[in-house]
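With the working numbering, you'll find the sequence shown wraps up at 388, consecutive numbering, no jumps.
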Amino acid sequence: MLKLKSGNEANFIVFKELIGSYTENTDQFERAIFNLHVHSALYLTNLLPIDIECSIDNGEQLALKPSQLHLCTSGKRSSNLVFTIPSYDNIKWISEPVDLKIEGKGDKNEHLVVFHSGTAPESQQILRMILRVDAYHESYRLLIFSPFWIVNRTDLKIDFQIENNRTFIDVIETPYLVCPESFTNEASKKGQICVHSLEQTDVVAKFSEKFSLDVIKSTGLTSCKVSNNRTYMICVDIATSSFGLTKLVTLSPAMVIVNKSTVGIEIVEVLSDQEQDQWETINPDQLIPFWPRNIKDILARIRYVDTRVTSSSFKMNQKHRTLLRMDDEEHPAIFVEVAATDFDGVKIIFEDYKIGDAPLLIVNCLAKEPVGFCQITDV
């Protein structure tokens, strides 16, 4: 411990390392060299995507940006830490004290950091994080992180459940930070989701089948049913963060529509030649989610904005590309490509018609023989 000019105390760890060496100009390995390593007693790294503050023994107040490392000279290995999150979900959060003298749970020496919202006691909310304590040369490396970041890229309100710990995921761009209570459980963690119906805000879907979160990288589809017998297909992408402690879970619509053309279009699902929903508008260079009612054989029609002339129906869940006739003088046709995979859903892309585009391209590769053809209905 050192006394600084300011009157404050600074704590350092001095680590002695003994290394054998050869005597000069000999092959005798009989001398020793001492290396002295001087470290701060505490190193604190913020592995959250938000700003945090840390109070050490009710004294030094640290402010850390995301991914920032701070050398804590005032702290020691027996310190008490109190964390503050100035703003998360538009709420200020203050943690319960973390006593570094008490060993954390599991082989990784991890402490559960419990935050409370700064509201009246009867309406307080709880937020959990993890503080990992790694010992290095007798000093402590402290890492505060959340094991799961949930990103909602749909336009649906979703409940995300991990081992009976449920979190409401709203339609916002920032990630939700999720930590289940049993964070030291060695069993593979499973996740489930359910969606709030767009049509009945008070009706919640049934939970999807469970999917594993204990993966390095995974992408797949899951389905959620609501009480009106409608099914929502959602793509779940799981990736491991660069620092290895957090899983990034991204929820996306299983079907998206991209308008790369220069004209606004409208689309509607059809079944037995009947429109199943309201026409949805897609402006040029816009991407929107699409939630079909019939997830097995999906047919749709399109039309240009401010017109009543519709295209013929086309399949939306089979990989193909074609040209749709639009009977419009300025834009006589529009090109559509359906890109579909079994693991990350369907993307429907519309582009402007170009001369030479056709629903069917026939190339005669014979050197000298002409080929004639006609449609079956024209025979």
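Backbone N, C-alpha and C define an ideal beta-carbon position, used for all residues, glycine too.
In chain order, what residues of the same chain lie with their CB nearer than 8 angstroms to the CB of L308, ignoring the 5 residues before and after it? E278, V279, L280, S322, F323, K324, M325
How long is the line joining the alpha carbons of E218 and K256, rounded to whole angstroms? 19 angstroms
Practice problem: Could you tell me whether the Cβ atoms of P184 and P58 are closer together than 8 angstroms? | Solution: yes
_Going by C-alpha to C-alpha distance, which of C244, T271, V91, H146 sits closest to F220?_
C244
- prompt: Which residue's Cα is closest to the Cα of L222: Y241, M242, T259, C203?
  reply: T259
On the three-state DSSP scale, how would you describe I111?
coil
- [ ] Answer yes if the region 54–72 comes into contact with the region 26–35, meaning at least three C-beta pairs across the two stretches below 8 angstroms, and no otherwise.
- [x] no
Pull up the distance between the alpha-carbon of D143 and that of K226, whole angstroms please. 26 angstroms
In the DSSP output, what is C203 paired with across the bridge? D168
### Query
What are the boundary residues of the beta strand (DSSP E) that L254 is part of?
No beta strand (DSSP E) holds L254; DSSP gives it neither H nor E.
- Mind checking K114: buried by the 16 CB within 10 Å criterion, or exposed? exposed
- Taking buried to mean at least 16 other C-beta atoms within 10 Å of its own C-beta, is Y1 buried or exposed? Residue 1 cannot be examined here, being either before or after the span of the chain that is shown, 10 to 388.
Residue nearest to K117 in terms of C-alpha spacing, selected from T331, C383, L151, P368 = L151
* Whole angstroms is fine: what's the gap from Q285's alpha carbon to D306's? => 13 angstroms
| query | Under a Cβ-count criterion, where at least 16 other Cβ atoms within 10 Å of its own Cβ denotes burial, should P341 be classed as buried or exposed? | reply | exposed
Three-state secondary structure assigned by DSSP to I364: coil
TODO: Can you grab the Cα-Cα spacing for the pair A376 / T331, in whole Å?
DONE: 28 angstroms
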